[in-house]
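Novice:
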Amino acid sequence: MTTTHSLADTIVWTALITPMHADGSIDFNTLTLLVREQEQAGNGILILGSTGEALALSIDEQQAVVRHVTALTLRVPLMVGVGGFNLSQQLQWLSFCNQHPIDAYLLGAPLYAKPGIQGQLHWYSALLDASKKPCMLYNVPGRAAVSIPPTVLAQLQQHPLCWALKEASGDIAQFEAYREAAPELAIFSGDDALMPYFAQAGAAGLVSVAANVWPQQTQHLVQQCLQGQSVNAFVTWRSAIDALFSAANPVPVKCLLHALERLNSPVLRPPLSHLELNDTQPLLNAHERIVAWAH
Numbered sequence: 364m365t366t367t368h369s370l371a372d373t374i375v376w377t378a379l380i381t382p383m384h385a386d387g388s389i390d391f392n393t394l395t396l397l398v399r400e401q402e403q404a405g406n407g408i409l410i411l412g413s414t415g416e417a418l419a420l421s422i423d424e425q426q427a428v429v430r431h432v433t434a435l436t437l438r439v440p441l442m443v444g445v446g447g448f449n450l451s452q453q454l455q456w457l458s459f460c461n462q463h464p465i466d467a468y469l470l471g472a473p474l475y476a477k478p479g480i481q482g483q484l485h486w487y488s489a490l491l492d493a494s495k496k497p498c499m500l501y502n503v504p505g506r507a508a509v510s511i512p513p514t515v516l517a518q519l520q521q522h523p524l525c526w527a528l529k530e531a532s533g534d535i536a537q538f539e540a541y542r543e544a545a546p547e548l549a550i551f552s553g554d555d556a557l558m559p560y561f562a563q564a565g566a567a568g569l570v571s572v573a574a575n576v577w578p579q580q581t582q583h584l585v586q587q588c589l590q591g592q593s594v595n596a597f598v599t600w601r602s603a604i605d606a607l608f609s610a611a612n613p614v615p616v617k618c619l620l621h622a623l624e625r626l627n628s629p630v631l632r633p634p635l636s637h638l639e640l641n642d643t644q645p646l647l648n649a650h651e652r653i654v655a656w657a658h
C-alpha cells in the first residue's frame, strides 16, 4: 500500500468546497488559495466529495480539478472522491485518477439503489480492486439511504487497499459496531459536531466540513480530542457547527467564506442555491466565537 504522504499521521481531512465564479464556472485561482490554506494547517485535502459538489460537475470539470490540484505539488496528502450509481463510470474515473499523484480515495456507497450485503460487497470490492491507492469507505445513510452492514465491513477490511472508514451516520452505536467488526481499520468521524465523542470511542480523526472555514482551529480541536484533553470549547464548537449546517451543505460554508471575503462568490450548482440562506449574521457570530476560542 504505497502512498506519497503519510496517511497514518493525518488526523484531519478537509472535505474541500469547489469555489465558483458568479457565472457558475470553477474559480481555479481561489481553489489554489483554499488548498494552500489547508496545506499550511497540516490538513489532508479531500476534493470532489459531496461538499465539493462533485456530482453537479461535468466529468471534464472533475478532471480539470484533479489536474489543477495535483499540479500544486502538495506537502499534505490528497484524497479524491469516488461516488455515483454507475459502476463502470466509477471504474473509468479511477482509471483516470490513477494516472495522477493522488494518495487515497473516498469510496461512496452507490446512490439511490439501496443495495444489500451482496450488492455492497460487489460494489466496494470492484472499486478497491481498481483503485491502486488506499481507500476510505464512506458510510453516509443520509445521502445513500443505506448503511454499510458491519458484516460487509468485516469482509472488506481484508482487502489490502481498504485503509479507513468515514462514519457519517451520526450514531455512536453504529461507530462502536464498526469498531468491533473491523478493529484494525482506521475509523474517522464524518460529523464535525460529534468528533469530541467519537474520539472517546476510538476515532482516528475527522473528515471535516468546518475546516474549510477554520483550518487551524479544527486541527487544534481534533488534536485535543485525540489526546484525551478536556476541551473547553465543546459547547462553542457544537453551536458553531449547528450554524454551519443550518442549510444543506455546503450552502452555509460558501456563504460564510464569501462574507469573510475568502470567496469571490457564494454561488453553488443547482439544485443547491446560496439564496437558501438570507442571513449570514449567525454564521459570522459563530466565526467570532471560534476565533476567540482559538486565541
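With this note's numbering, you'll find the sequence shown wraps up at 658, consecutive numbering, no jumps.
Ideal placement from N, C-alpha and C gives every residue a C-beta, glycine not left out.
Assuming P633 and T414 form a contact by the criterion Cβ under 8 Å, report the distance between their Cβ atoms to the nearest whole angstrom.
Specialist: No, P633 and T414 are not in contact; Cβ-Cβ is about 16 Å, not under 8 Å.
Novice: Does the beta-carbon of S421 have 16 or more other beta-carbons within 10 angstroms, so that it is buried, or is it exposed?
Specialist: Per the 10 Å Cβ criterion, exposed.
Novice: Got a sec? Which residues, its chain only, sit under 6 Å from Q579 by beta carbon, not counting five neighbours each side?
Specialist: Excluding residues within five positions, the ones whose Cβ falls inside 6 Å are A404.
Novice: Taking just the CA atoms, how far does Y475 sit from I410?
Specialist: So the two alpha carbons sit approximately 22 Å from each other.
Novice: For the region 569 to 626, which segments carrying the beta strand (DSSP E) assignment without a break, of at least 3 residues, lie completely within its bounds, in sequence order?
Specialist: Listed in chain order, nothing qualifies, since the region 569 to 626 has no complete beta strand (DSSP E) run of 3 or more residues.
Novice: According to DSSP, is T365 part of a helix, a strand, or is it coil?
Specialist: Its pLDDT being 46, under 50, T365 is placed unreliably in this model, and the coordinates cannot settle the point.
Novice: Once you ignore the five residues that flank L500 on each side, which residues in its own chain have a CB closer than 6 Å to its CB?
Specialist: Once the five neighbours on either side are set aside, the close Cβ partners of L500 are L470 and L528.
Novice: Just curious, the alpha helix (DSSP H) that S421 is in, first and last residue?
Specialist: Run containing S421: none; DSSP gives neither H nor E here.
Novice: Is V439 helix, strand or coil when you go by DSSP?
Specialist: Three-state DSSP puts V439 in coil, outside helix and strand.
Novice: Identify the continuous beta strand (DSSP E) that holds Y468 and give its terminal residues.
Specialist: Taken as a continuous stretch (DSSP letters only), the beta strand (DSSP E) holding Y468 covers A467 to G471.
Novice: Out of S451, Q462 and R506, point me to the one whose CA is closest to Y487's CA.
Specialist: Ranking S451, Q462 and R506 by Cα distance to Y487 puts S451 first.
Novice: When the Cβ atoms of the region 643 to 653 are set against those of the region 594 to 610, are three or more pairs found closer than 8 Å?
Specialist: Yes, the region 643 to 653 touches the region 594 to 610.
Novice: So F391 is in the alpha helix (DSSP H); what residue range does that whole segment cover?
Specialist: Looking at the DSSP string, the run of the alpha helix (DSSP H) that includes F391 is F391 to A404.
Novice: Grab the span of the alpha helix (DSSP H) containing M383 for me, first residue to last.
Specialist: M383 -> no alpha helix (DSSP H), and no H or E assigned at all.
Novice: I'd like to know if R506 contacts chain C, where contact means its C-beta is closer than 7 Å to some C-beta of that chain.
Specialist: In the structure shown, chain C does not exist; there is a single protein chain.
Novice: For D423, count neighbouring C-beta atoms within 10 Å of its own C-beta (all shown protein chains included) and say buried if the count is 16 or more, exposed if not.
Specialist: Burial call: exposed.
Novice: Starting from I535, follow the beta strand (DSSP E) in both directions and report where the run begins and ends.
Specialist: From DSSP, I535 is part of no beta strand (DSSP E) but of the alpha helix (DSSP H) over I535 to A544.
Novice: Thinking C-beta only, is N502 closer than 7 Å to S458?
Specialist: Not a contact, by the Cβ cut-off of 7 Å.
Novice: Using the beta-carbon count (16 or more within 10 Å), is L623 buried or exposed?
Specialist: Answer is exposed; the Cβ neighbour count stays below 16.
Novice: Relative to the alpha-carbon of A493, which residue among Q453, I374 and S602 has its alpha-carbon at the smallest distance?
Specialist: Ranking the options by Cα distance to A493, first place goes to Q453.
Novice: Going by C-alpha distance, which of A517, S628 and L584 is nearest S388?
Specialist: It is S628 whose Cα lies nearest to the Cα of S388.
Novice: On a CA-only basis, which of E416, A567 and A657 is nearest Y541? Give me that one, please.
Specialist: Ranking the options by Cα distance to Y541, first place goes to A567.
Novice: Give a yes or no on whether the C-beta atoms belonging to A544 and A517 are separated by under 7 Å.
Specialist: Yes, the pair counts as a contact, with Cβ atoms nearer than the cut-off.
Novice: On the premise that G412 lies in contact with T373, defined as a C-beta separation below 8 Å, what is that separation, rounded to the nearest angstrom?
Specialist: The Cβ separation is near 15 Å, so there is no contact.
Novice: Can you tell me which of R438, G446, L640 and Q455 puts its alpha carbon nearest to the alpha carbon of P464?
Specialist: Residue R438 is the option with its Cα nearest to P464.
Novice: Going by Cα to Cα distance, which pick from G479, H637 and V398 is closest to A507?
Specialist: Comparing Cα positions, the closest option is G479.
Novice: According to DSSP, what are the bridge partners of T377?
Specialist: Answer by DSSP bridge pairing, in chain order: I408 and S571.
Novice: Determine whether the beta carbon atoms of N575 and V630 lie at a separation below 7 Å.
Specialist: No, they are not a contact pair.
Novice: Tell me K529's beta-bridge partners as DSSP assigns them.
Specialist: Its beta-bridge partners are Y501 and F551.
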